[in-house]
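In my numbering, the protein residues as written are 1140 to 1553.
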């Protein structure tokens, strides 16, 4: 009778459109580096519904199931959590205090509720609620220049002043917009050509902008750290490039500003005084599309000309180069600075060793090219913005060690 009851329960579970949560024992040394996909099932979220269900079959009608709040997870498989936010590419992501801010290709600003569990093995590793006012909320409302390379490097978010800095606009300005109501705070035209990139540093009290006019400008606060940025004129103008500045990155811990250009160079200046430090040349003299800088001082740059990622130390030493075999659209580093995360046209999130660029893990492909990537502050989730307007969340269990093999730990989990 017990066997018959168990068989009946199994048949009921198999016939149900939802699967019950299954727990798995944690195996492996806690000091190993482990990336574990919690396999949150595929879901499309209707923006008019404030609740959602994680499921393994076709999405239910959310307009008729707004009272359903149960989160149902599936056993670990190579799947992810997907939420459909708009019908245009998600260009920018920012994770703040209990919120996820998104900007799409139409410059619409979304303020979504987000929180992650302190326990990565929790049955609810994170919670997400889409912005109900997404379609009615005012956006930046300033068209991009036809020559602008649209991507996350055109935006920066200041949680201190509750505003979004944006570049790439048709009138060669960069703009400051209140992210809550979409009101324009300032429109600054100081560069002589298209503003191509920007970056914030020093607790959002310093803004760095790069332009097609080959210059890099530093805008700072008169009141010091935490003060609003003085936009009347730049504090310093940095020179050295002979072609369009394609990407800038300011790091207060390293006290550096790094800029890349179509002239095949990265130039390093000090952040606080603007003193020239060194020039890093692309190994094969290709234009540099963009780069990342980790807190540990590793520079990873990508060029679509040779389709390679090149790794350098902050001192300019060339460490390694790796072929990507795809167009990379975005790169970022983990919060502990040990790993490089890339996403491209193949829709695959790839994790690499930041030193030698060897692939550590490739997640299951998404259904659209990856346009933007953001890692949560505790390295427990990776959020990707896709070309088709969805966001994709990978839940990650991270236990860091430089002495143990990542692959060993990964095999134990998967």
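Glycine residues also receive a C-beta, built at the ideal position from the N, C-alpha and C atoms.
In this text the structure is predicted, and so the values were computed from the model without any measurement.
Beta-carbon contacts of residue i that lie in its chain and below 6 Å, excluding the five residues immediately before and after
i, result
"residue 1402", "1380, 1381, 1382"
"residue 1453", "1436"
"residue 1455", "1417, 1419"
"residue 1405", "1397, 1399, 1419"
"residue 1484", "1465, 1466, 1508"
"residue 1424", "1403"
"residue 1374", "1357, 1359"
"residue 1445", "1423, 1425"
Whole-number beta carbon distance between residue j and residue i, since they are thought to touch under 8 Å
i, j, result
"residue 1473", "residue 1434", "With 8 Å as the limit, residue 1473 and residue 1434 do not qualify as a contact, their Cβ atoms being about 10 Å apart."
"residue 1480", "residue 1507", "With a Cβ gap of about 17 Å, residue 1480 and residue 1507 do not count as contacting."
"residue 1346", "residue 1333", "Incorrect: roughly 17 Å between the Cβ atoms, too far for contact."
"residue 1532", "residue 1233", "In fact, because the Cβ distance is near 15 Å, the residues do not count as touching under 8 Å."
"residue 1495", "residue 1458", "7 Å"
"residue 1340", "residue 1391", "5 Å"
Buried versus exposed, by CB contacts within 10 Å (16 or more), residue i
i, result
"residue 1527", "buried"
"residue 1498", "exposed"
"residue 1501", "exposed"
"residue 1282", "exposed"
"residue 1318", "buried"
"residue 1255", "buried"
"residue 1246", "buried"
"residue 1174", "Its pLDDT being 35, under 50, residue 1174 is placed unreliably by the model, and nothing is read from it."
"residue 1376", "exposed"
"residue 1354", "buried"
"residue 1388", "buried"
"residue 1560", "Outside the shown range of the chain (1140 to 1553) lies residue 1560, about which nothing can therefore be said."
"residue 1330", "buried"
"residue 1235", "exposed"
"residue 1451", "buried"
"residue 1439", "buried"
"residue 1266", "exposed"
"residue 1447", "buried"
"residue 1414", "exposed"
"residue 1517", "exposed"
"residue 1182", "Its pLDDT being 35, under 50, residue 1182 is placed unreliably in this model, and the coordinates cannot settle the point."
"residue 1462", "exposed"
Strand pairing of residue i, partner residues [DSSP]
i, result
"residue 1399", "1386, 1405"
"residue 1492", "1478"
"residue 1454", "DSSP, once it has assigned bridges, lists no residue as partnering residue 1454."
"residue 1530", "1222, 1524"
"residue 1415", "1408"
"residue 1345", "1340, 1359"
"residue 1304", "1295, 1315"
"residue 1449", "1440, 1460"
"residue 1432", "1438"
"residue 1420", "1404"
"residue 1469", "1482"
"residue 1498", "1491"
"residue 1251", "1239"
"residue 1535", "According to DSSP, residue 1535 bridges with nothing at all."
"residue 1229", "1243"
Sequence-distant residues of its chain with Cβ nearer than 7 Å to residue i (five each side left out)
i, result
"residue 1302", "1315, 1316, 1317, 1318, 1324"
"residue 1385", "1335, 1336, 1399, 1400, 1401, 1427, 1428, 1429"
"residue 1229", "1241, 1243, 1510, 1511, 1524, 1525, 1528, 1530"
"residue 1284", "1307, 1308, 1309, 1333"
"residue 1237", "1252, 1253, 1254"
"residue 1378", "1354"
"residue 1515", "1234, 1255"
"residue 1292", "1336, 1386, 1429"
"residue 1305", "1279, 1293, 1294, 1313, 1314, 1316"
Closer than 7 Å: residue i CB and nearest the ligand MG heavy atom
i, result
"residue 1444", "The ligand MG is absent from the structure shown, which contains no ligands of any kind."
Same chain, Cβ closer than 8 Å to residue i, five either side skipped, listed in chain order
i, result
"residue 1321", "1248, 1276, 1277, 1278, 1279, 1280"
"residue 1226", "1527, 1528"
"residue 1290", "1230, 1429, 1468, 1469, 1510, 1511"
"residue 1394", "1409, 1410, 1411"
"residue 1286", "1333, 1351"
"residue 1371", "none"
"residue 1328", "1310, 1311, 1312"
"residue 1460", "1422, 1447, 1448, 1449, 1450, 1496"
"residue 1486", "1504, 1505, 1506, 1507, 1508, 1509, 1525"
Within-8 Å CB hit, residue i to chain D
i, result
"residue 1399", "Looking at the structure shown, chain D is missing, and only one protein chain is on hand."
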